[in-house]
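Undergrad: Sharing a structure below in structure tokens format, with a few things to ask.
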Amino acid sequence: MLDIKYIREHLEEAQQRLDTRNEEYDLKKVVDLDAQRRKMLTETEAMKQKQNQASKKIPQMKKAGEDCTEIFAEMKTLSDQIKEMDEAIRTVEGEIKNTLLYIPNLPHADAVVGKDDTDNPEVRRYGEPRTFDFPVKPHWDLGTDLDILDFERAVKITGARFSMFKGMGARLQRALIDFMLRMHVKDHGYTELSPPFMINRASMQGTGQLPKFAEDAFIMEKDDFYLAPTAEVPVTNIYRDEILEEESLPLCYTAYTPCFRREAGSAGRDTRGLIRNHQFDKVEMVKFAHPDTSYDELESLTANAEAILQALEIPYRVVELCTGDLGFSAAKTYDIEGWMPSYDRYVEISSCSNFEDYQARRTNIRFRDQETKKTRFVHTLNGSGLAVGRTFAALLENYQNADGSVTIPQVLRHAMWNLERIEK
RNA sequence: GGAAGAGUAUCGAAGUGGUCAUAACGAGCCGCACUCGAAAUGCGGUUGUCCUCCGGGGCACGUGGGUUCGAAUCCCACCUCUUCCGCCA
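In this note's numbering, each residue's number is its place in the first sequence (first place is 1) plus 683.
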């Protein structure tokens, strides 16, 4: 949620920054509503002051044996007026809140202005895509042929865009999760969490999935719970409505969770394999950072995600998202794209963002500034570290051999019970 | 799922219709005094938020409604926690 105070004091600048996104939003409208709200507030507060004064006077009058009929009648009228005004204020506040909930974050002031992903500048590359002297197989064929992935039966159990891991595949999936968590905890200093996978409405709204993107989420209507679309949601919400100590920042958490997404609007895209499923595994990193250092934290967060691909020796590149491609809640985002031989291009495998105080405002997560003793909103960040399904796919494809077997990278051997290669 | 009870500051907790919500009382924490130092003791401080013509003012006792001139207090609904029963991995 944007800061209404900031918008009203920097209307033009805020509007300009917002206009670099692909959709149009009218900030003037919400600023006008806010002016109306403040005017009404001042009026009712004067009335309430009068009411409070009367409430102190009445007991004294009663004690003195005076007649209260007149003041009662007067206060009854005032009370009714206050109720009306409060109701009107609530309506305006509701409108403001509702409008703000649908307005995305302002892109970072230095963000690259662009229309879509074709305008995303490449920041850096790591590794060299391998050249194959045999026809490469896509991961869904490799996995099916090696009997470690079973898409047909997953479809039978549930439906399209679900997958099942079997034998060495299930083990590899688990090994990847363990490897990622181990690195983030032992080398990068994160604390591991295993949060609930079902999420309530307030939490979904806090991180920005609701209300605008309701159609992307799986909902359990009877309970008004949502299946977690990413660990970002439960983990960012752990401190909802809390005030943190300044010296505790940054707080760094990592969590493995399955993720559930409807993938509404992606019909026909990436229909085969593990790239775009309704359920996939992900290890996520979440940071609660001091506003002064949050952009340094974004760099290290991104580096922490990259470290996984480096250790697995999967070639990748990092792109910065331009304003037109930026997610709803994000101010700045780096996408890390792993090399996918069957696609013959880099495919997104991680997305690392600084949300500044946008989510903190929606979730009401603050810290106490030691100097001023005032509360300030923290900055929240998160990044995939990494999407496990896509890492699994990249690993299979990049490490495939001419005979259809797949070599296990050194760093995973221990977690794979010393298996060196998956073969028939 | 059933029954009973409870939600007030950092914690424990008082307040059961008004002048007791910067919230009694106790503890913790911070500062000062006393002391060679410490303990003990004494004094002071210790919620958040919104509006502001910067003088002030409003709101918040789990949440939302209702009754009333006036609600922490009475009524209704919901949420959470505790205990017991049932069920269950």
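Where is the CB? At the ideal position from N, CA and C, for every residue including glycine.
Quick check on N987: does DSSP put it in helix, strand or coil?
TA: Helix at N987.
Undergrad: Counting only the same chain and skipping the five closest in sequence on each side, list residues whose C-beta sits under 6 angstroms from that of K849.
TA: I831, D833, listed in sequence order.
Undergrad: Can you grab the Cα-Cα spacing for the pair F1011 / D1086, in whole Å?
TA: Those two C-alpha atoms are separated by around 45 angstroms.
Undergrad: With three or more beta-carbon pairs closer than 8 angstroms as the criterion, would you say the stretch 976-990 touches the stretch 1058-1077?
TA: Contact holds: three or more Cβ-Cβ distances are below 8 angstroms.
Undergrad: Can you list, in chain order, the residues of its chain with a C-beta nearer than 6 angstroms to that of V1061? Leave out the 5 residues immediately preceding and following it.
TA: So the qualifying residues of the chain are F971, A1043, I1048, F1050.
Undergrad: What whole-angstrom Cβ distance do T937 and E967 have, given they're in contact under 8 angstroms?
TA: The pair is a contact, with the Cβ atoms about 7 angstroms apart (cut-off 8 angstroms).
Undergrad: Counting only the same chain and skipping the five closest in sequence on each side, list residues whose C-beta sits under 8 angstroms from that of I840.
TA: So the list reads M847, once near-sequence residues are dropped.
Undergrad: What are the boundary residues of the beta strand (DSSP E) that V1001 is part of?
TA: 999-1003 is the span of the beta strand (DSSP E), which, as asked, contains V1001.
Undergrad: CB-CB under 8 angstroms to R720, same chain, minus the five flanking residues each way: which ones, in chain order?
TA: These residues qualify, in order along the chain: I772, V775, E776, I779.
Undergrad: Pair every Cβ in the stretch 860-872 with every Cβ in the stretch 922-930, then say whether three or more of these pairs are closer than 8 angstroms.
TA: As far as the Cβ criterion goes, the stretch 860-872 does not touch the stretch 922-930, which means the pair count is below three.
Undergrad: What separation, rounded to the nearest whole angstrom, lies between the Cα atoms of A897 and N1037?
TA: Those two C-alpha atoms are separated by around 22 angstroms.
Undergrad: Under DSSP, the beta strand (DSSP E) around L927 begins and ends at which residues?
TA: Segment 925-928, the beta strand (DSSP E) holding L927.
Undergrad: So, at 7 angstroms on beta carbons, what are the nonlocal neighbours of T1016 in its own chain, with the 5 sequence-adjacent residues on each side left out?
TA: Once the five neighbours on either side are set aside, the close Cβ partners of T1016 are L1004, L1009, G1010, S1034, C1035, S1036.
Undergrad: Quick check: the stretch 1091-1100 against the stretch 879-898, are there 3 or more CB pairs under 8 angstroms?
TA: No: fewer than three Cβ pairs fall under 8 angstroms.
Undergrad: Count the other CB atoms, across all protein chains shown, that sit within 10 Å of the CB of I997; report buried if there are 16 or more and exposed otherwise.
TA: With 16 or more Cβ atoms within 10 Å of its Cβ, I997 is classed as buried.
Undergrad: In whole angstroms, what separates the C-alpha of F755 from that of T1063?
TA: The straight-line gap from Cα to Cα measures roughly 52 angstroms.
Undergrad: Using only CA atoms, which one of T752, V1089, L784, N1081 lies nearest to L710?
TA: The candidate whose alpha carbon is nearest that of L710 is L784.
Undergrad: Exposed or buried, which one is Q1083 when buried takes at least 16 other CB atoms within 10 Å?
TA: By the 10 Å Cβ count, Q1083 comes out buried.
Undergrad: Is the separation between the beta-carbon of L957 and that of A1076 shorter than 7 angstroms?
TA: In this structure, A1076 lies closer than 7 angstroms to L957 by Cβ.
Undergrad: Could you please give me the residues that DSSP links to L910 through a beta bridge?
TA: L910 pairs with M881.
Undergrad: Name the one or two DSSP bridge partners that I934 has.
TA: In the sequence on display, residue 934 carries Leu and not Ile. Paired residue(s): F971.
Undergrad: Within its chain, find whatever has a CB closer than 7 angstroms to the CB of K895; leave out the 5 residues flanking it on each side and keep chain order.
TA: Taken in chain order, the residues that qualify are Y785, F1011.
Undergrad: If we ignore side chains and look at the alpha-carbon of each, how far apart do S1112 and P917 end up?
TA: Because the chain spans 684 through 1107 in this model, residue 1112 falls outside it and cannot be assessed.
Undergrad: Suppose contacts are defined by Cβ-Cβ distances below 7 angstroms. Is V714 in contact with L685 by that definition?
TA: Contact: no.
Undergrad: May I have a chain-ordered list of the beta strand (DSSP E) segments no shorter than 3 residues that lie completely inside the stretch 991-1064?
TA: The stretch 991-1064 contains these whole beta strand (DSSP E) runs: 999-1003, 1015-1023, 1028-1037, 1048-1051, 1058-1060.
Undergrad: How big is the Cα-Cα spacing for N803 and R1000?
TA: The alpha-carbon atoms of N803 and R1000 are separated by roughly 12 angstroms.
Undergrad: Helix, strand or coil: how does DSSP classify G852 here?
TA: Correct three-state label for G852: helix.
Undergrad: Could you say if the stretch 720-732 and the stretch 807-827 meet the contact criterion of at least three C-beta pairs nearer than 8 angstroms?
TA: Touching, no, given that fewer than three Cβ pairs across the two stretches are closer than 8 angstroms.
Undergrad: Could you give the first and the last residue of the continuous beta strand (DSSP E) run that contains V806?
TA: Unbroken beta strand (DSSP E) run through V806: 805-809.
Undergrad: Counting only the same chain and skipping the five closest in sequence on each side, list residues whose C-beta sits under 7 angstroms from that of K731.
TA: Within the same chain, K731 has close Cβ partners I765.
Undergrad: For the alpha helix (DSSP H) containing L1079, name the first residue and the last one.
TA: Unbroken alpha helix (DSSP H) run through L1079: 1071-1081.
Undergrad: Mind checking I1032: buried by the 16 CB within 10 Å criterion, or exposed?
TA: By the neighbour-count rule (16 or more Cβ atoms within 10 Å), I1032 is buried.
Undergrad: For G1066, which of helix, strand or coil comes out of DSSP?
TA: DSSP places G1066 in strand when its eight states are reduced to three.
Undergrad: Give the secondary structure of K766 by DSSP, where H, G and I count as helix, E and B as strand, and everything else as coil.
TA: Of the three classes helix, strand and coil, the one that applies to K766 here is helix, per DSSP.
Undergrad: What did DSSP end up calling D802 once you bin it into helix, strand or coil?
TA: Note: D802 maps to helix in three-state DSSP.
Undergrad: Indicate whether D899 and A947 have their beta-carbon atoms separated by less than 7 angstroms.
TA: Contact flag set, yes.
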